[in-house]
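Asker: One point on numbering: in the UniProt record's numbering, the residue at position 182 of the sequence shown is 182, and numbering is uninterrupted.
Here you go, one structure.
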Amino acid sequence: MGYKVVVVGATGNVGREMLNILAEREFPVDEIAALASRKSLGTEVSFGDRTLKTKDLAQFDFTGWDIALFAVGSEATKEYAPKAAGAGCVVIDNSSLYRYDPDVPLVVPEVNADAVLGYSRKNIIANPNCSTAQMVVALKPLHDRARIKRVVVSTYQSVSGAGKEGMDELWDQTKAIYNPVTEVAPKKFQKQIAFNVIPHIDVFMEDGSTKEEWKMVAETKKILDTKIKVTATCVRVPVFVGHSEAINIETEDFLDEEEARDILREAPGVMVVDKREPGGYVTPIECVGDFATFVSRIRQDSTIDNGLNLWCVSDNLRKGAALNAVQIAEVLGQRCLKKG
Ligand code: 2RA
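Here it is as structure tokens:
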């Protein structure tokens, strides 16, 4: 006995990971449908040892289905998520469309699992942005102990956050550097991404920050604590998968680095790798395919009374997207939905 589950956007980076993770975590699935837009129709995707043929999102009837994991852009979400939710299927949405809607819970299960209970207001639960998800997993246990007042974060975000086109652009530009007969002009990114870094993700806001930076502020407040002040600089780096973050926190109470390390070692979803020696920290390549949010380089910030620095790395397609969505489905299944 399990659930009837739909994955919307099943041919994209995140949709494929959703199918992998549902199978890896043995989510109780009675029936599964993999949906795609018309241009990807017929594409086959894997679900454990099964192969699924994608069905047409535009023609799909969500009636009788329990949970739909959405991994499509805001435009398609706007059109189809209300249809699914209206048909009684709970939507877990990876786009930014509903994240800031007060009637839609924004959930990272290690931080605010109880918020899932608010799903019934619209039959929709929002999944946060990748850069926020991993950061709040690391911050939550420290906030519980010492009350975080302010966060200064710089991100090093992989190209997979920009989808398959972003990955292709890094691959093609890198090859072109070794074989200069073919020049690959920037298309998905604003400047060359191969052998470069770009301090610009998503659109610019009026105050000079970018939307990606704004999301880290707004989402941390909604998920963790409205009182926390956050300032972010988000940077795209030539890494395929895995977002990294240098995080500085200022707390109300003093928190010793040793105690912070012990707290993080016990925290759900966190893996501490923090040997103070060459290589004694995690880099994005090592986190690919993993479920954990890794924390390294935990150390006191001696420039303020109550400050700590951390290095935080996670697989952005997993904790930053697909894994978090499946974890929300797990909480929903345990606490809210009846098995079919
Ligand atoms: C990025 N945050 O890395 C986005 C993906 N959700 O571009």
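For each residue, glycine too, the CB sits at the ideal point set by N, CA and C.
Given the structure is predicted, the values throughout are model-derived calculations rather than measurements.
1. How would you label F195, buried or exposed, when you count the other beta carbons within 10 angstroms and need 16 or more for buried?
2. In angstroms with no decimal places, state the Cα-to-Cα distance between Q190 and P238.
3. Compute the beta-carbon to beta-carbon distance between Y98 and A126, rounded to the nearest angstrom, for a pair I have assumed lies under 8 Å.
4. Does the distance from the CB of V8 to the CB of F70 come in under 7 Å?
5. Look at the Cβ atom of V295, then the Cβ atom of L310, and state whether they are nearer than 7 Å.
6. With burial defined as no fewer than 16 other Cβ atoms inside 10 Å of the residue's Cβ, what is the status of K140: buried or exposed?
7. Under 8 Å: do the stretch 149–158 and the stretch 221–229 share three or more Cβ pairs, one atom per stretch?
8. Tell me which same chain residues have a C-beta within less than 8 Å of the C-beta of D135, skipping the five on either side of it?
9. Taking the straight line between their C-alpha atoms, what separation do you get for G163 and T251?
10. In this structure, what does DSSP give as the bridge partners for D56?
11. Just to confirm my understanding: we take K122, look at its own chain, exclude 5 residues before and 5 after, and list those with CB closer than 8 Å. What are they?
12. State yes or no: is the beta carbon of D61 nearer than 7 Å to at least one beta carbon in chain C?
13. Compare the Cα-Cα distances from F240 to each of V197, P268, E212 and V270 and report the closest residue.
14. In this structure, how does DSSP classify Q173 when only helix, strand and coil are distinguished?
15. Using a threshold of 7 Å, state whether the C-beta atoms of residue 420 and V108 are closer than that.
16. Which of the three DSSP states, helix, strand or coil, is assigned to S74?
17. With which residues is Q327 paired in a DSSP beta bridge?
Answerer: Let me spell this out:
1. In the sequence shown, residue 195 corresponds to position 195, counting from 1. Its Cβ having fewer than 16 others within 10 Å, F195 is exposed.
2. Position 190 of the sequence shown, counting from 1, holds the residue named residue 190. Position 238 of the sequence shown, counting from 1, holds the residue named residue 238. Those two C-alpha atoms are separated by around 13 Å.
3. As a position in the sequence shown, residue 98 is number 98, starting the count at 1. As a position in the sequence shown, residue 126 is number 126, starting the count at 1. About 5 Å; that satisfies the 8 Å criterion.
4. Position 8 of the sequence shown, counting from 1, holds the residue named residue 8. Position 70 of the sequence shown, counting from 1, holds the residue named residue 70. Yes, these two residues count as a Cβ contact at 7 Å.
5. Stepping through the sequence shown from its first residue, residue 295 is reached at position 295. Stepping through the sequence shown from its first residue, residue 310 is reached at position 310. Yes.
6. The residue you call residue 140 lines up with position 140 of the sequence shown. Answer is buried; the Cβ neighbour count reaches 16.
7. yes
8. Here residue 135 refers to the residue found at position 135 of the sequence shown. Residue 135 is actually Met in this sequence, not Asp. So the list reads V151, V153, M216, T220, E245, I247 and C312, once near-sequence residues are dropped.
9. For the purposes of this step, residue 163 is taken as residue 163 along the sequence shown, with counting starting at 1. For the purposes of this step, residue 251 is taken as residue 251 along the sequence shown, with counting starting at 1. Looking at the two C-alpha atoms, the distance is approximately 36 Å.
10. In the sequence shown, the residue the question calls residue 56 occupies position 56. Per DSSP, A36.
11. Here residue 122 is taken as the residue at index 122 of the sequence shown, counted from 1. The residues are A85, Y98, D101, D103 and V104.
12. Absent from the structure: chain C. Only one protein chain is present.
13. Position 240 of the sequence shown holds residue 240. The candidate whose alpha carbon is nearest that of F240 is V197.
14. Residue numbering aside, residue 173 sits at position 173 when the sequence shown is read from its first letter. Reduced to three states, the DSSP call for Q173 is helix.
15. Outside the displayed span of the chain (1 to 340) sits residue 420, for which this structure offers no information.
16. Position 74 of the sequence shown holds residue 74. Note: S74 maps to helix in three-state DSSP.
17. The sequence position of residue 327 within the sequence shown is 327, counting from 1. In DSSP, Q327 forms no bridge with anything.
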